[in-house]
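Report on the structure given below.
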Amino acid sequence: MRIDLSLLVPYLPFMLEGALLTAQVCVLALLGSLIVGALMAVARTSANTLLRRAASIYADLFRNVPFIVQLFFFYYGLPEIGIYIDAFTTGVVALSIAGGAFTSDVIRSGILAIEPGIIEAAQVSGLSKTKVFSKIVLPVALRTSVRPMGSVFINLILTSSILSTITLNELTGTAKIVASDTFKPFEVYVVLLIAYATLTYLVSLLIAALHRRLNRDLGEAVR
Amino acid sequence: MIKAQSVRKVFGSVTVLDGVDLTVAPGEVVSILGSSGSGKSTLIRCINGLERLDGGSITVDDFDVSKPKELAEARKRSGTVFQMFNLYPHMTALQNVTLAPVEVLKRPKAEAEAEGRALLASVGLADRADAFPSQLSGGQRQRVGICRALAMKPRYLLLDEVTSALDPEMTADVLDILAKLAKEGTTMVFVTHEIEFARTISSRVVFLEKGRLVVDLPTEQFFAADGGLANPRIAQFLSKMRKD
Amino acid sequence: MRYTEFTPFDIVLLAQGLGVSVGLFLATTVIGLLIGTLWAVVRFYRVPVLTQVITFVAELLKNSPVLVQLFLVFFGFPAFFHINLGPVEAAVITLSGNTAAFVYVIAVSAIESIGRDQIEAARAFGLTKWQVLRHIIAPQAMAFAIGPLTGLLVNQLQVTSLISVIGVMDLTKIGNILNLRTLKPFIVWAVVGVLYYLAAKLIAYAGATLERRLRAHTAWKGL
Numbered sequence: 137m138r139i140d141l142s143l144l145v146p147y148l149p150f151m152l153e154g155a156l157l158t159a160q161v162c163v164l165a166l167l168g169s170l171i172v173g174a175l176m177a178v179a180r181t182s183a184n185t186l187l188r189r190a191a192s193i194y195a196d197l198f199r200n201v202p203f204i205v206q207l208f209f210f211y212y213g214l215p216e217i218g219i220y221i222d223a224f225t226t227g228v229v230a231l232s233i234a235g236g237a238f239t240s241d242v243i244r245s246g247i248l249a250i251e252p253g254i255i256e257a258a259q260v261s262g263l264s265k266t267k268v269f270s271k272i273v274l275p276v277a278l279r280t281s282v283r284p285m286g287s288v289f290i291n292l293i294l295t296s297s298i299l300s301t302i303t304l305n306e307l308t309g310t311a312k313i314v315a316s317d318t319f320k321p322f323e324v325y326v327v328l329l330i331a332y333a334t335l336t337y338l339v340s341l342l343i344a345a346l347h348r349r350l351n352r353d354l355g356e357a358v359r
Numbered sequence: 005m006i007k008a009q010s011v012r013k014v015f016g017s018v019t020v021l022d023g024v025d026l027t028v029a030p031g032e033v034v035s036i037l038g039s040s041g042s043g044k045s046t047l048i049r050c051i052n053g054l055e056r057l058d059g060g061s062i063t064v065d066d067f068d069v070s071k072p073k074e075l076a077e078a079r080k081r082s083g084t085v086f087q088m089f090n091l092y093p094h095m096t097a098l099q100n101v102t103l104a105p106v107e108v109l110k111r112p113k114a115e116a117e118a119e120g121r122a123l124l125a126s127v128g129l130a131d132r133a134d135a136f137p138s139q140l141s142g143g144q145r146q147r148v149g150i151c152r153a154l155a156m157k158p159r160y161l162l163l164d165e166v167t168s169a170l171d172p173e174m175t176a177d178v179l180d181i182l183a184k185l186a187k188e189g190t191t192m193v194f195v196t197h198e199i200e201f202a203r204t205i206s207s208r209v210v211f212l213e214k215g216r217l218v219v220d221l222p223t224e225q226f227f228a229a230d231g232g233l234a235n236p237r238i239a240q241f242l243s244k245m246r247k248d
Numbered sequence: 131m132r133y134t135e136f137t138p139f140d141i142v143l144l145a146q147g148l149g150v151s152v153g154l155f156l157a158t159t160v161i162g163l164l165i166g167t168l169w170a171v172v173r174f175y176r177v178p179v180l181t182q183v184i185t186f187v188a189e190l191l192k193n194s195p196v197l198v199q200l201f202l203v204f205f206g207f208p209a210f211f212h213i214n215l216g217p218v219e220a221a222v223i224t225l226s227g228n229t230a231a232f233v234y235v236i237a238v239s240a241i242e243s244i245g246r247d248q249i250e251a252a253r254a255f256g257l258t259k260w261q262v263l264r265h266i267i268a269p270q271a272m273a274f275a276i277g278p279l280t281g282l283l284v285n286q287l288q289v290t291s292l293i294s295v296i297g298v299m300d301l302t303k304i305g306n307i308l309n310l311r312t313l314k315p316f317i318v319w320a321v322v323g324v325l326y327y328l329a330a331k332l333i334a335y336a337g338a339t340l341e342r343r344l345r346a347h348t349a350w351k352g353l
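Protein chains in written order, with this note's numbering: chain V, 137 to 359; chain Z, 5 to 248; chain G, 131 to 353.
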C-alpha cells in the first residue's frame, strides 16, 4: 500500500485539458447564473404579483431537485423537442439555470438590504425606473453580493463534476479515463480530490480579495 | 409655483396631513416648523412624489405630481436634500452630482462634470470630488447632497431637516451654504429645527400641528408678539426649541 | 424485447427507488450526525493532532465534489486496500463521511455560539468538562444548529442522487432505467424531480416543526 504518483505524470497534460474545460464551463455558468439570477431577482422584487410568484416557484423548484436530475432532464429531453446541443452547452445551460436559482436569492437579499432613502434620492432626481435599477439598485446589490456569490461559484465548481455523467470530459471525466487506463483509481481520485479542494480554496481567496476591493468605497453602506 | 391644495395623507389609521394648503412662489424661502410628527417631512415627501396623496392635489409649475407622466416633469423642477444624505454609496462625490444631469437632462458628460466640479468647489469640496461617501464626514456628505440637488438646476429646492443628523460645527457649514443660496434668490422650502436660522433666511414661515397648517405668515409677523407668537401653541413650541 | 410504454409496475419501481434513496439518506444522516458530533467533541476537548486531522479532513470533504469522493471510495478503496466494496457500502461510507464533515462544521459553530462566560461560570462551580458539555452546551447548541442542519439535510437528500452513478438502484437510477426504456425523458425526469422535491419539502417541514418545538421548550414561559 504505497502511493506512487509518478505513474500519473504522463497523464498530467490530459488532465490539465480537463481542468481547462472545467474552468470554461464554470466561468460561463457563473455568467449565466448572474444573468438568470439578476433577472429572477428583479422578478422576485417586482410589484407584479404574478411575476413574483413565478420567479419564486422557479427558485424553489431548482433548489430542491437534485442537479443530476435537472441535467438528465435537459440532456435527454431537449433532443426530444428537436433541440440538439452538445454536452458542453447542455452543461452550461443546466448549471446556469440551477446556479441562477441560488444567485437570485443572493441578489434579492442584496436588493432588499439597500437603504430605501438611496433609492428615493434617485427617484426624486428624475431617474426613470429602469435607470434607478440599472444605475443604483443593481450595482449596489451586486457589490454586497460578492461574498455570498462566492459560495455559489464554489458550489458551481463542485457541481460541474456531475457533467462527467453526460460524457463531458472535464476534470472529473478525464480523471475517470486516467483511472481506468492506469488501474490506479485510488491515486487518481486522491489527487483529484486535492485538486478540487485547492482550486476552491484559491477561488475563495480570490473572492475575499475582490470583496475587499469592490467594497472599499462602500464603507458602512455595506454590512 | 408650488401649489398644494387641501392635501390629505393617511398612514393606516393616522391622518398625517389633514387639508394642507400651501403656495410657494419663485424667489420665496419658506420654512416649515412644527413638532416632530406634525407632518412636515411628509409634506415635503408629497411635493416630490415620494408619497401618494390620499386627497387634494399638488402641482409644481402646473405639473400634477399625482400623475406619473407629469411627476417626471415636476421632479425635474425640484431638487431634494435629505436628512440622512442618501448619497449613492458606490459613486464618488462627483458621480453623485453628475448622474442625474447626464441621465435625465442628457447633458454631455464632460460638461456635467465641469459644472459638478464647480458646484463642489463652491461648497468647499474641490479636493473631495473623487472621494466616496464613506470617506466623507457627515457635513461633507450633506454638502455633496446639496450639490447633487443643485446640479439639476431646480427651480425649487426642498430640504428635509438637512442638518438634523449633523453636529453643531458641521451644521454651521451647511447653514452657511443655504444662506448663500437664499441670498442668490434660490426658491427653497425647508423643514428645520433651527429656529434662529429659519428666522434669518426665510421670507415666510408656516407652522404645522397634527397634520394641519395652522399659521402661514411672513417671517417678521410670525415672530412678532402680536403675530404668530400670539398663538400659545407656537409660543410654547418656540420656547421649547430654543431651550434645546 | 423492448417495452416502450409505461406500465403500472413502473410505479412500484419508482416507489422502490424512492425507498432506497430515502433509506440511504436516513441511514447516512444518522451515521453522519454521530460521527460529525463526535468530531466536534474531540475538538471541544482539544485533543492534539486528532483535532487538526479532523479539521483537515472535514475541509477536504466539504470542498471537493461528492462524485469524486464516491469514485475514490468505490473504485479507489478496493484497489488500494484490497477489500470488497459493493455500490451500497461505498455509498454509505461516502455519504456518511460527507454528511459528517458538514455536521462537524455546524456543530463547531453551534458550540462557539455559546458564550465563554457561561462555560467558565459552570467550570467555576466545579462541573467537569463533560458535565458542561452535556448540561450547558448541548441543549443550547442543539437549538442553534437545528436550522442549519435542516438546510444541510435538504441538500444531502439531493446529494444521494449521485450514488446512481456507481450503480445503486436509487430513485435517479430508476429514472435512468425508465428513461432508456420508454424514451420519454420529459415525463420520467419530471416525475423523478417531483418526488425528490416532495421529499425535500417533507424534510424542511420536519426540521421547521422540530425547531419550533425546541424553541418553545427553551423559550421563557413566565413565572
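Backbone N, C-alpha and C define an ideal beta-carbon position, used for all residues, glycine too.
For residue i, the three-state DSSP class (helix, strand or coil)
i          : result
Tyr-160(Z) : strand
Ile-333(G) : helix
Glu-251(V) : coil
Gly-216(G) : coil
Ser-245(V) : helix
Asn-235(Z) : coil
Gly-252(Z) : Residue 252(Z) lies beyond the stretch modelled for chain Z, which goes from 5 to 248, so this question has no answer here.
Lys-13(Z)  : strand
Pro-315(G) : helix
Val-150(G) : helix
Asp-68(Z)  : strand
Met-192(Z) : strand
Ala-357(V) : Caution applies to Ala-357(V), whose pLDDT of 42 falls short of 50 and renders its modelled position unreliable; the value that the coordinates give is listed next. In the structure shown, Ala-357(V) sits in a helix (DSSP, three-state: H, G or I).
Ala-135(Z) : coil
Lys-110(Z) : coil
Val-183(G) : helix
Beta bridge counterpart(s) of residue i as assigned by DSSP
i          : result
Ala-8(Z)   : Leu-26(Z), Ile-62(Z)
Arg-152(Z) : Beta-bridge pairing links Arg-152(Z) to no other residue.
Leu-260(Z) : Because chain Z here runs from 5 to 248, residue 260(Z) falls outside it and cannot be looked at.
Pro-222(Z) : Arg-208(Z)
Leu-37(Z)  : Phe-211(Z)
Leu-21(Z)  : Lys-13(Z)
Under 9 Å from the C-beta of residue i: neighbouring residues of chain V
i          : result
Thr-84(Z)  : Glu-256, Ala-257, Val-260, Ser-261
Leu-54(Z)  : Glu-256, Gln-259, Val-260
Tyr-326(G) : Asn-200, Val-201, Pro-202, Val-205
Leu-108(Z) : According to the sequence as given, residue 108(Z) is Val; it is not Leu. Within 9 Å Cβ-Cβ: Ser-261, Gly-262, Leu-263, Ser-264, Lys-267.
Supposed close pair residue i, residue j - CB separation, criterion 8 Å
i          : j          : result
Lys-44(Z)  : Leu-212(Z) : 5 Å
Thr-308(V) : Pro-208(G) : Contact doesn't hold; Cβ gap of about 19 Å is too wide.
Ala-176(Z) : Met-88(Z)  : Ala-176(Z) to Met-88(Z), Cβ: 19 Å. No contact.
Thr-158(V) : Glu-306(V) : 4 Å
Arg-12(Z)  : Gly-59(Z)  : 3 Å
Arg-81(Z)  : Val-64(Z)  : 5 Å
Contacts of residue i in chain G (Cβ-Cβ under 8 Å)
i          : result
Ile-233(V) : Ordered by position in chain G, no residue passes the 8 Å Cβ test against Ile-233(V), which lies about 13 Å from the chain.
Leu-329(V) : Leu-190, Ser-194, Val-198, Gln-199, Leu-202
From the options, residue whose alpha carbon lies closest to that of residue i
i          : options                                        : result
Glu-224(Z) : Arg-203(Z), Ser-39(Z), Ile-238(Z), Leu-26(Z)   : Arg-203(Z)
Gly-189(Z) : Asn-52(Z), Ser-207(Z), Val-195(Z)              : Ser-207(Z)
Phe-34(Z)  : Val-195(Z), Asp-230(Z), Gly-215(Z), Arg-216(Z) : At residue 34(Z) the sequence reads Val, which differs from the Phe that was named. The candidate whose alpha carbon is nearest that of Val-34(Z) is Val-195(Z).
Ala-153(Z) : Val-101(Z), Thr-96(Z), Met-245(Z)              : Val-101(Z)
Ile-250(V) : Ala-133(Z), Tyr-92(Z), Val-20(Z)               : Tyr-92(Z)
Leu-340(G) : Gly-162(G), Ile-317(G), Ala-275(G)             : Ala-275(G)
Lys-312(V) : Thr-312(G), Ala-170(G), Arg-345(G), Val-295(G) : Val-295(G)
Leu-328(G) : Pro-202(V), Gly-154(V), Val-145(V), Arg-138(V) : Pro-202(V)
Val-18(Z)  : Gly-231(Z), Lys-214(Z), Lys-244(Z)             : Lys-214(Z)
Ala-234(Z) : His-197(Z), Ala-133(Z), Leu-221(Z)             : Leu-221(Z)
Thr-167(G) : Val-324(G), Ala-268(G), Val-318(G), Leu-148(G) : Ala-268(G)
Interface residues of chain G facing residue i [CB-CB closer than 7 Å]
i          : result
Pro-284(V) : Ordered by position in chain G, no residue passes the 7 Å Cβ test against Pro-284(V), which lies about 14 Å from the chain.
Gly-213(V) : Pro-315, Phe-316, Trp-319
Neighbouring residues, chain G, relative to residue i (Cβ below 9 Å)
i          : result
Leu-166(V) : Those within 9 Å of Leu-166(V) in chain G number zero; the least Cβ separation is about 17 Å.
Ala-159(V) : Near Ala-159(V) there are no residues of chain G at all, since even the closest Cβ is about 15 Å away, more than 9 Å.
Phe-209(V) : Pro-315, Phe-316, Val-318, Trp-319, Ala-320, Val-322, Gly-323
8 Å Cβ cut-off: residues of chain V touching residue i
i          : result
Val-11(Z)  : Chain V residues near Val-11(Z): none, gap ~17 Å exceeds 8 Å.
Gln-288(G) : Asn-200, Val-201, Pro-202, Phe-203
Partners in chain Z for residue i, counting only beta-carbon separations shorter than 9 Å
i          : result
Arg-279(V) : Pro-93, His-94
Closer than 8 Å at the beta carbon, the chain Z residues around residue i
i          : result
Val-276(V) : Tyr-92, Pro-93, His-94
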